[in-house]
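Trainee: Handing you a structure now.
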DNA sequence: CCGTAAATTTCGCCA
DNA sequence: TGGCGAAGTTTACGG
């Protein structure tokens, strides 16, 4: 495909706020927070309506190179190549794609206003515990969420157990790591400094990594098993009850 | 575009190990480690040669949904829609894309064997320090890298200073956070338990977040400023010297 | 704009 | 295969 024609085609599509797919033989250079060089190869470049740029190789989930939304896009012909530059400031970064050949250019005005809903997140686990605190243990009463701690950090849930003892709850949607345990210990320390009493500290997660079990026991951290999926089920049941209540 | 034709076109392209781009109006469902629902909208689906699948909305750097390489891809016509399923085991996950309309299907056999080279990584920072330890301080002598610690974690560089004192070095390519400081404190504790002496602990990074400065001073962590870019320059100079030595 | 933490994080290394 | 940590992580949510 003639590069001058390609350039004009891309410029028009950008003006029309279309999503553009460019297929061709290119080299890619990136300079910014890091630097990278990718030698010649056949790839797909995507310029989205929000001026984000993606370079995808024929394999792999991740783009080899990219520029996030609102990058400044420049196009030019140089030395019989089509040069695509996408710049960003703060951090100052530049992505340069040099097309030696362009096989095809496609563009579409795409309309996509749909909501994206995600379930079984850590947030859902927290909601499930707040809806049914006995997941932690019988008599547990949450009284605060996302409490900011003195030096830094946030407690997921702060509450009291059936005997009135202050309890710190940390939630993870994946197996708890030694880092997670250390973090919870820090949080418990902060809470102790602030409240003047040593709180119970409970990690809620689908499991605990083997290497974290030691740290858990040493620091008297307790564990409750809860998966994101189970939490989502609890919330679905709650939603059903709410709807039923609404129909009465 | 006729959906039966679209289906046949995609199947053929998969057999030929081509990279496929499908543009159309679709809904997307994901069920696995989490769940998500994305209502109808116009998007680009990409099936790569390695059987990874990406769903890209008209904006944003990240795909709204995806399946990593080696997913099992199934296609069928159902209720006047084209259904694309990409399954994965371990973790068990399924991505379902329901196309109500397919505007265009494109596919190419792409050849891309080029090496991807990244510079100014944390690894480069470590190499720069090992090449020129005076970056840490005059007389610093590294004697081990990536030393495994007892409960968990790795020390980037272990060495001795000019007075022979054991020194732990942690490297970060970005401003050090309070989490990074805590991690280094844990590492220093581990090293102290193992060697029986309290080591110096130095964080090497382009800077320290304001909130982390307190934690740094409290824990007697020292700071040396080094950027990934500066490290890459040092390594380039070294490469130049090596080449020069080779020519002599 | 900084700080903090989640993410279907992915990816690569190494035991 | 699982653990471990980096990443140009990105993104979202506060203050």
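Residue numbers (the numbering used here), protein chains in the order written: chain A, 23 to 270; chain B, 23 to 270.
Every residue gets a Cβ at the ideal spot worked out from N, C-alpha and C, and that includes glycine.
(1) Whose CA, out of A:50, A:152, A:217 and A:106, lies closest to the CA of residue 161 of chain A?
(2) Would you kindly check if the distance between the Cβ of residue 225 of chain B and the Cβ of residue 192 of chain B is under 8 Å?
(3) Suppose you measure from the CA of residue 125 of chain A to the CA of residue 35 of chain B; what does that come to, to the nearest Å?
(4) Could you give the distance in angstroms between the alpha-carbon of residue 144 of chain B and the alpha-carbon of residue 194 of chain B?
(5) Report yes if the CB atom of residue 122 of chain A is closer than 8 Å to the CB atom of residue 173 of chain A, and no otherwise.
(6) Do residue 90 of chain B and residue 56 of chain A have their C-beta atoms within less than 8 Å of each other?
(7) Excluding the five sequence neighbours on either side, which residues of its own chain have a C-beta within less than 7 Å of the C-beta of residue 29 of chain A, listed in chain order?
(8) Could you tell me the alpha carbon to alpha carbon distance between residue 261 of chain A and residue 59 of chain A, rounded to whole angstroms?
(9) Pair every Cβ in the region 75-94 of chain B with every Cβ in the region 129-147 of chain B, then say whether three or more of these pairs are closer than 8 Å.
(10) Could you tell me the distance, in whole angstroms, from the CA atom of residue 66 of chain A to the CA atom of residue 44 of chain A?
(11) Can you tell me whether residue 213 of chain A is helix, strand or coil according to DSSP?
(12) Using only the alpha-carbon positions, how far apart do residue 307 of chain B and residue 166 of chain B sit?
(13) If the criterion is Cβ atoms closer than 8 Å, does the pair residue 50 of chain A and residue 70 of chain A meet it?
(14) So that I know if they touch, is there some Cβ in chain A lying closer than 8 Å to that of residue 103 of chain B?
(15) Are residue 210 of chain A and residue 223 of chain A closer than 8 Å when you measure CB to CB?
(16) Kindly indicate the opening and closing residues of the beta strand (DSSP E) around residue 58 of chain A.
(17) Can you name, in chain order, every residue of its own chain whose Cβ lies under 6 Å from the Cβ of residue 220 of chain A, other than the five neighbours on each side?
(18) Around the C-beta of residue 101 of chain B, are 16 or more other C-beta atoms found within 10 angstroms, so that it is buried, or is it exposed?
(19) Opposite residue 122 of chain B in the DSSP bridges: which residues?
(20) Hey, could you find the ends of the beta strand (DSSP E) residue 167 of chain A is sitting in?
(21) Note the first and the last residue of the continuous beta strand (DSSP E) segment covering residue 192 of chain A.
(22) Does DSSP put residue 87 of chain B in a helix, a strand or coil?
(23) Kindly list, in the order they appear in chain B, the residues whose Cβ is closer than 9 Å to that of residue 45 of chain A.
(24) Do you know whose CA, among B:155, B:76, B:169 and B:142, lies nearest residue 216 of chain B's CA?
(25) Just reading off the alpha helix (DSSP H) that residue 147 of chain A is part of, what are its end residues?
(26) State the beta-bridge partners of residue 108 of chain B as determined by DSSP.
(27) What's the gap between the Cα of residue 264 of chain B and the Cα of residue 163 of chain B?
(28) When the cut-off is 8 Å and only beta carbons count, does residue 208 of chain A lie next to chain B?
(29) May I ask you to report which of helix, strand or coil DSSP gives residue 132 of chain A?
(30) Does residue 106 of chain B have its Cβ less than 8 Å from a Cβ in chain A?
(31) Using C-beta distances below 8 Å, list every residue in its chain close to residue 113 of chain B, excluding the 5 sequence neighbours before and after it, in chain order.
(32) Under 8 Å, Cβ to Cβ, is there at least one residue of chain B near residue 229 of chain A?
(33) Quick one: measure Cβ to Cβ for residue 147 of chain A and residue 253 of chain A, integer angstroms, because I've assumed they're closer than 8 Å.
(34) Taking buried to mean at least 16 other C-beta atoms within 10 Å of its own C-beta, is residue 179 of chain B buried or exposed?
Mentor: Considering the structure as presented:
(1) A:152
(2) yes
(3) 17 Å
(4) 6 Å
(5) no
(6) no
(7) 97, 99 and 104
(8) 51 Å
(9) no
(10) 6 Å
(11) helix
(12) Shown here, chain B extends from 23 to 270; a query on residue 307 of chain B therefore has no answer.
(13) no
(14) no
(15) yes
(16) 57-69
(17) 214
(18) exposed
(19) DSSP, once it has assigned bridges, lists no residue as partnering residue 122 of chain B.
(20) 163-170
(21) 188-193
(22) strand
(23) 41, 43, 128, 130 and 132
(24) B:169
(25) 144-153
(26) B:95 and B:117
(27) 21 Å
(28) yes
(29) coil
(30) no
(31) 54 and 55
(32) no
(33) 4 Å
(34) buried
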